[in-house]
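Q: Residues in the sequence shown are numbered consecutively from 6, following our numbering.
Think of the CB as a built atom: it goes at the ideal place given N, C-alpha and C, for glycine as much as any other residue.
Only a predicted model underlies this, so the values are computations on that prediction, with no experimental measurement involved.
Below is one structure. I have some questions about it.
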Amino acid sequence: MILLDRVTKNYKKRKTPALDRVSIHVEPKEFVIVVGQSGAGKSTLLKLLTREEKPTSGKIIVGGIDYERLKDRDVPALRRRIGVVFQDFKLLPNKTVFENVAFAREISGASNREIRYTVPKVLNIVGLKGKASSYPRELSGGEAQRVAIARAIVRQPKILIADEPTGNLDPKHAWDVIAVLEKINKYGTTVLLTTHNQEIVNRLKRRVITIKDGRVISDKANGSYEL
Ligand code: ADP
Ligand code: MG
C-alpha cells in the first residue's frame, strides 16, 4: 500500500541528498517505526508521503496512487486518506477539544449530525471523553497529543503518520500516546511512527526501519534500536 522505490530527495543548498535511493514497502495495517538521528531524513520521508515535498527522483505509490501522476487538485483528497500528527500538537487554542476535532471534520464537509456522532467516539478511543469541553491550555502534553491524534483519525484515514509524537512528552505520557497508536493500528490503520526514543522502539517489538544520512541502513521485523 505504501511503496517507495529508490526515492532520492535533494534540497537546494544541500550538497548531499536528504534521502538517498530509499526503497520501502509497507503493507496495509502494518505498524512501522522509523528511527534515525536528528537530520537523518525521517521528516523528509513523511513529507514525501503527504506531498508536502516532491522527490527529486524515484517512485512513490500510496494506496494505488502513483505520485508522478498526481494532480495538484487531487492532493486534498490524498491528505484526507493520511492522518498526520506532529511533535508540537498544533491545536487551535481558542477551540475546545471537541471543536478542535470537529473542525477537522467540518472542513471536509461533514454534517452536524455526523460530527455529533463521530467526535465523541473518537475522543473515547483516545481516552479523552471527559475533556471534550476543555481548552488546549488546560491539558497536559500527553492529553494534547491525544487530541491531535483524535483530530487526525476523525476522517478515518487509511494511514496515520506520527512524526516524533512523543518528542515533547515525559515517559508516562509518551506511553499513553503510544498505546493510542497501537489501538488505532489494531483497528486497521497503517501507522508510521518516527522516534528516537530507544525504550519505545525496543519495547514495541515492531518493524523498525533505521535511516542514517538519508539511507536505509536496516529494516527489520521485530526490530530494536540500533544507533
Ligand atoms: P529528521 O526528521 O530525521 O531530523 P529531516 O528530514 O528533517 O530529518 O532533514 C534531513 C536533512 O534535510 C537535514 O539535514 C535538514 O537540515 C535538511 N532539510 C530538511 N528540510 C529542508 C528544507 N526545506 N530545505 C533544505 N534542507 C532541508
Ligand atoms: Mg524530523
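1. Confirm the yes/no value for this check: CB of Asp175, any heavy atom of ligand 2, distance under 8 Å.
2. Ends of the beta strand (DSSP E) at Thr123?
3. How many Å lie between Val37 and Tyr140 at the Cα?
4. Please look up how many angstroms separate the CB atoms of Val131 and Val206, rounded, as I've assumed it's under 8 Å.
5. Pull up the CB-CB distance for Val159 and Val106, whole angstroms please, since I reckon it's below 8 Å.
6. Excluding the 5 residues preceding and the 5 following Thr21 in the sequence, name in chain order all residues of the same chain whose CB lies nearer than 8 Å to its CB.
7. Run through DSSP, which three-state label would Leu96 get?
8. Would you list, in sequence order, the uninterrupted beta strand (DSSP E) runs of no fewer than 3 residues that lie entirely inside the stretch 138-211?
9. Would Ile164 pass as a contact of Val27 if the rule is Cβ separation under 9 Å?
10. Is any non-hydrogen atom of ligand 1 found closer than 8 Å to the C-beta of Ser43, if you look at the structure I gave you?
A: Taking the definition as stated:
1. Here the question's residue 175 lines up with position 170 in the sequence shown. Not under cutoff, so the answer is no.
2. Counting from 1 along the sequence shown, the entry for residue 123 is found at position 118. Element bounds for Thr123: not the beta strand (DSSP E) but the alpha helix (DSSP H), 117-130.
3. Position 32 of the sequence shown, counted from the start, is the residue given in the question as residue 37. Position 135 of the sequence shown, counted from the start, is the residue given in the question as residue 140. Rounded to the nearest angstrom, the two C-alpha atoms are 32 Å apart.
4. Start at 1 with the first residue of the sequence shown, and residue 131 comes out as number 126. Start at 1 with the first residue of the sequence shown, and residue 206 comes out as number 201. With 8 Å as the limit, Val131 and Val206 do not qualify as a contact, their Cβ atoms being about 22 Å apart.
5. As a working note, residue 159 is residue 154 in the sequence shown. As a working note, residue 106 is residue 101 in the sequence shown. That pair is a contact at about 5 Å.
6. Indexing the sequence shown from 1 puts residue 21 at position 16. Same-chain partners within the cutoff: Asp218, Gly219.
7. For the purposes of this step, residue 96 is identified with residue 91 of the sequence shown, where counting begins at 1. In this structure, Leu96 counts as coil in the three-state DSSP scheme.
8. 164-168, 195-200
9. Locating residue 164 in the sequence shown gives position 159, where the first residue counts as 1. Locating residue 27 in the sequence shown gives position 22, where the first residue counts as 1. Cβ atoms of Ile164 and Val27: not closer than 9 Å.
10. Your numbering for residue 43 matches position 38 in the sequence shown. For ligand 1, at least one heavy atom lies less than 8 Å from the Cβ of Ser43.
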